[in-house]
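What follows is one structure encoded as structure tokens, with my remarks underneath.
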Amino acid sequence: MSYTGGDGWQRLHPLSPIVRGGRATIAIAVILAPTVLAGGGIGKEFPQLVAAGVLVALGFVSWIVTRWRIDGGDLQIETGVLRRRSTRFPLAQVQAVDVVRPGLARLFRVAELRLRMGGASGATARLAYVRESEAQPLHDRLLELARAERGEATGEAESSPRAERPPERVLTTVPPALLVAAILISDVGIFAEAVLVGLVVTYIVSSTAATAVLSGGAVWIISSFTVVWRRFNQEYRLTVAESSDGLQIRGGLVALTAETIRPGRVQAVRLVEPLLWRALGWCRLEVDLAGRQRGKGEGEAQRGRLRTVLPVGSLALAEELLDVLVPDRPREFLAPAPRRARWKSPLRYPKLGWARTDTCVVTRSGRLERVTAWVPLRKAQSFRRVQGPIQRRLSLASVHVDTAGRSVHATLRDRDVEEADRALAELTDLARVARRAA
Amino acid sequence: METPPEETWKRPARALLRLRRLEVLGLAIVAAVGVAVAGGLVFVPVAVVLGVIAERFVRRRFHSWGYAERADDLLVRRGVMFSRLSVIPYGRMQFIDVTAGPLDRLFGLATVKMHTAAAASDARIPGLERAEAERLRDRLAQLGEAQAAGL
Chain A
22 MSYTGGDGWQ RLHPLSPIVR GGRATIAIAV ILAPTVLAGG GIGKEFPQLV
72 AAGVLVALGF VSWIVTRWRI DGGDLQIETG VLRRRSTRFP LAQVQAVDVV
122 RPGLARLFRV AELRLRMGGA SGATARLAYV RESEAQPLHD RLLELARAER
172 GEATGEAESS PRAERPPERV LTTVPPALLV AAILISDVGI FAEAVLVGLV
222 VTYIVSSTAA TAVLSGGAVW IISSFTVVWR RFNQEYRLTV AESSDGLQIR
272 GGLVALTAET IRPGRVQAVR LVEPLLWRAL GWCRLEVDLA GRQRGKGEGE
322 AQRGRLRTVL PVGSLALAEE LLDVLVPDRP REFLAPAPRR ARWKSPLRYP
372 KLGWARTDTC VVTRSGRLER VTAWVPLRKA QSFRRVQGPI QRRLSLASVH
422 VDTAGRSVHA TLRDRDVEEA DRALAELTDL ARVARRAA
Chain F
9 METPPEETWK RPARALLRLR RLEVLGLAIV AAVGVAVAGG LVFVPVAVVL
59 GVIAERFVRR RFHSWGYAER ADDLLVRRGV MFSRLSVIPY GRMQFIDVTA
109 GPLDRLFGLA TVKMHTAAAA SDARIPGLER AEAERLRDRL AQLGEAQAAG
159 L
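Sequence lines, in order, name chains A and F. For the record, in the first sequence the residue sitting at position 50 is 71 according to our numbering, with numbers rising by one throughout. For the record, in the second sequence the residue sitting at position 87 is 95 according to our numbering, with numbers rising by one throughout.
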């Protein structure tokens, strides 16, 4: 590879700082464009030019001081000017290597490699950015090294390094038309449509009122459309494939991501069936992969959010994916909640349910949408039995299974007190056994 | 749930109840003076009644707190209106905080808070005597290290 120094040290792609700047880069370009286009006038726009120059210099410095190498069984990354920081990531702990290409990165033909580390730290090592053509070979090489470090290389040593991997099986690619239809009748979609219709109606009635609403609720309006856009952008032509490492997920409209989900990383799985989707037999499947800590560079967008495995699809397809993600899950639900739970949760009552195997618990609830959550018991963090005033009157109680992160809520809602107590004791014991076995 | 027998449950120190009562008293006095100045003396009995109700609430809340150290996990119970029983495995505790505000320090108290990777776990035990809080913290940290499980 290029930019090689001594001792196997390598630099990232020189354009990395620009791509990493992301939106800031675009903003600067937009601000500076008039100056540059106008030619002269340097005296007038001097401050901006100086600022841009400083930023470019800083970017250059950050590029020149950052280097990485593969040394022994470690990936070593060094960065920093005054406070030099050298981080070693043991390749044996690599859980997955994701290839991410944001919009700007695609423009400059570079890609980012994200190494998700397992173990206690749960950190993420980022190589941002490398040349697009080098990303895939490097990705394969890192995974191979990781496998060798873990001592799983026995079978691969005989065959050639490339050929040994069994071909992946593509399970589904979500057609864009289906995705659009699904988003249009999903909760966020309907909300955005209602906002839009409301604005149009207000405008027809009185344009001044519409302006007032626009300026007053701009934040809300923009955010509701942003949610819809983000969903579309991330889930566009999402392809799910089954490979030897787990589920491969690729897709995106502007930013392309390729991610491998190993079953061992799954903290919880959530199947959501919004009200209108249920009539059509559609559902979406989301996975919580929350690590213990999120890397600083991972960005707000990725923090504490679920990874969509299936943006929209049939229940049968979801079952197939679930077989990979939580293979030992319970197949059937236990008896429904006691009838008196109707008084406490009238909307939720028809959906309430739970079941368990020795290693996995599943709960189902939801008011309008039906949400089913699976939690592998060895990933459960803590358990809580909660009883509110109404529940006490009806002698009901809920048991919460707390998972890492804050996205998935698995709750055995409104069970008979005795059943809840028994479930709490059983789940606690099973979780302990599962943790030991892990 | 096979909860441990009642005598093995530990409770916050009595001083916590004294502290909470003092807080209620302080608030009640401020409220009483406030309404007396603003609306006349007729409202003072209202403030007194509210103060009595608050005292009752504070007392029941105090008595609801309890924790028990079992072989593999810590049980914490609390709450009057919403009664909660949390089971936190030692191996899941990432770190443990001991905090003491100015009023707590005046009464020689501290709060122990357990953090797991789950945001919802929210397990804390307020009003422990300083020595007990530090003992609990050290013991939990030790047990947590011994039983630590990866994510």
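For glycine and all other residues, C-beta sits at the position ideal for the given N, C-alpha and C. Nothing here was measured: the structure is a model prediction, and the numbers come from that model.
- Give me the Cβ distance between A/C304 and A/L336, rounded to the nearest whole Å; I'm assuming they're in contact under 8 Å. Taking C-beta atoms under 8 Å as the contact rule, A/C304 and A/L336 qualify, at a distance of about 6 Å.
- Message: Just to make sure I have the definition right: I need the residues of chain F whose C-beta is within less than 9 Å of the C-beta of A/T384. Which are they?
- Response: Here the premise fails: no neighbours, minimum Cβ distance about 14 Å.
- Message: Contact defined as beta carbons within less than 8 Å: I believe A/T378 pairs with A/P351. What is the distance between those atoms, to the nearest angstrom?
- Response: Correct: roughly 5 Å between the Cβ atoms.
- Would a C-beta distance cut-off of 9 Å place A/V120 and A/R135 closer than the cut-off? Note that the C-beta distance between A/V120 and A/R135 is below 9 Å.
- How would you label F/A126, buried or exposed, when you count the other beta carbons within 10 angstroms and need 16 or more for buried? Residue environment analysis places F/A126 among the buried positions, since at least 16 neighbouring C-beta atoms fall within 10 angstroms of its C-beta.
- Message: Please classify A/G334 as buried or exposed, where buried requires at least 16 other C-beta atoms within 10 Å of its C-beta.
- Response: When all chains shown are included, A/G334 counts as buried.
- Message: Using only the alpha-carbon positions, how far apart do A/Q323 and F/A131 sit?
- Response: Confidence at A/Q323 is low in this model, with a pLDDT of 45, below 50, so its placement is unreliable and the value that follows should be read with caution. Taking the straight line from one Cα to the other gives about 27 Å.
- Query: Can you pull the DSSP bridge partners for A/L331?
  - Reply: For A/L331, the beta-bridge partners assigned by DSSP are A/L306.
- Task: Spell out whether any CB of chain A is found under 9 Å from the CB atom of F/Q150.
- Result: False, the Cβ-Cβ gap to chain A never drops below 9 Å.
- Query: If we call anything under 9 Å between Cβ atoms a contact, is A/R147 one with A/S264?
  - Reply: Taking C-beta atoms as the reference points, A/R147 and A/S264 fail to come closer than 9 Å.
- Task: Starting from the beta carbon of F/E80, find every residue of chain A whose beta carbon is closer than 8 Å, and list them in chain order.
- Result: The sequence given here places Asp at residue 80 of chain F; Glu does not occur at that position. Chain A residues near F/D80: R453.
- Would you say the region 442-452 of chain A touches the region 393-405 of chain A, given that touching needs at least three Cβ pairs under 8 Å? Judged by pairs of C-beta atoms under 8 Å, the region 442-452 of chain A touches the region 393-405 of chain A, as three or more such pairs exist.
- Using three-state DSSP, classify F/Y75 as helix, strand or coil. F/Y75 falls in the strand class under three-state DSSP.
- Task: Taking A/V407 as the query, report the chain F residues whose CB atoms sit under 7 Å from its CB, ordered along the chain.
- Result: Scanning chain F for C-beta atoms nearer than 7 Å to the C-beta of A/V407 yields F90 and R92, reported in chain order.
- Message: Closer than 8 Å is the cut-off here; do at least three beta carbon pairs connect the region 76-85 of chain F with the region 377-395 of chain A?
- Response: Contact between the region 76-85 of chain F and the region 377-395 of chain A is absent, because fewer than three Cβ pairs lie under 8 Å.
- Task: Would you tell me roughly how many angstroms separate the C-alpha atoms of A/P182 and A/L164, rounded to the nearest one?
- Result: Summary for A/P182: the model assigns pLDDT 46, below 50, so the residue's position carries little reliability; its value from the coordinates is reported in the next sentence. Distance between the alpha carbons of A/P182 and A/L164: 11 Å.
- Item | Helix, strand or coil at A/R32 according to DSSP, with G and I counted as helix | It is a strand residue.
- Is the beta carbon of F/D105 sitting closer than 9 Å to the one on F/Q155? Taking 9 Å as the cut-off, the beta carbon of F/D105 is found no closer than this to the beta carbon of F/Q155.
- Item | the region 407-419 of chain A touching the region 24-39 of chain F, judged by at least three CB pairs closer than 8 Å | No, the region 407-419 of chain A does not touch the region 24-39 of chain F.
- Message: In whole angstroms, give me the CA-to-CA distance for F/Y75 and F/I61.
- Response: F/Y75 and F/I61 have their C-alpha atoms some 26 Å from each other.
- From what residue to what residue does the alpha helix (DSSP H) around A/H160 run? Annotation: the continuous alpha helix (DSSP H) that includes A/H160 extends over E153 to E170.
- Item | Candidates A/A452, A/V40, A/A54 and A/R369, of which the one nearest A/S83 by Cα | Selected option, being the one with the closest Cα: A/V40.
- For the candidate residues A/A279, A/L277 and A/V261, whose alpha-carbon lies nearest to that of A/L331? Comparing alpha-carbon positions, the option among A/A279, A/L277 and A/V261 lying closest to A/L331 turns out to be A/V261.
- Buried versus exposed call for A/Q397 [16 or more other C-beta atoms within 10 Å across all chains shown]: The amino acid occupying residue 397 of chain A in the given sequence is Pro; Gln does not appear at that position. Residue burial is scored here from C-beta neighbours: A/P397 has at least 16 other C-beta atoms within 10 angstroms and is therefore classed as buried.
- Message: Please classify F/A139 as buried or exposed, where buried requires at least 16 neighbouring CB atoms within 10 angstroms.
- Response: Exposed.
- Task: Rounded to whole angstroms, what's the CA-CA distance from A/D28 to A/I91? Just pull it up for me.
- Result: Taking the straight line joining both Cα atoms gives about 10 Å.
- Message: I'd like the list of long-range same chain contacts for F/L24, defined as Cβ closer than 7 Å, with 5 residues on each side in sequence excluded.
- Response: Answer for F/L24: F70, L117, P134 and G135, listed in chain order.
- Query: Applying the criterion that 16 or more other CB atoms from any shown protein chain within 10 Å of the CB defines a buried residue, is A/I411 buried or exposed?
  - Reply: Counting Cβ neighbours within 10 Å, A/I411 comes out exposed, since fewer than 16 surround it.
- Item | Under 9 Å from the C-beta of F/G74: neighbouring residues of chain A | Simply none; closest approach about 14 Å.
- With DSSP collapsed to three states, give me the class of A/E440. Three-state DSSP puts A/E440 in a helix.
- Using a Cβ cut-off of 8 Å, pull out every chain A residue sitting near F/A131, in sequence order please. Near F/A131 (Cβ distances below 8 Å), the residues of chain A are S403.
- Return the CA-CA distance between A/T232 and A/R251, expressed in angstroms with no decimal places. Rounded to whole angstroms, the gap between the alpha carbons of A/T232 and A/R251 is 26 Å.
- Interface partners of F/R100 on chain C, CB under 7 Å: In the structure shown, chain C does not exist; the protein chains are A and F.
- Query: Between the beta-carbon of A/L292 and the beta-carbon of A/L200, is there less than 9 Å?
  - Reply: At the C-beta level, A/L292 and A/L200 stay beyond 9 Å of one another.
- Query: Along the chain, where does the alpha helix (DSSP H) that runs through A/T278 open and close?
  - Reply: That residue, A/T278, is in no alpha helix (DSSP H); its beta strand (DSSP E) goes L277 to I282.
- Message: With the cut-off set at 9 Å, would you say A/W375 and A/R453 are in Cβ contact?
- Response: Contact flag unset, no.
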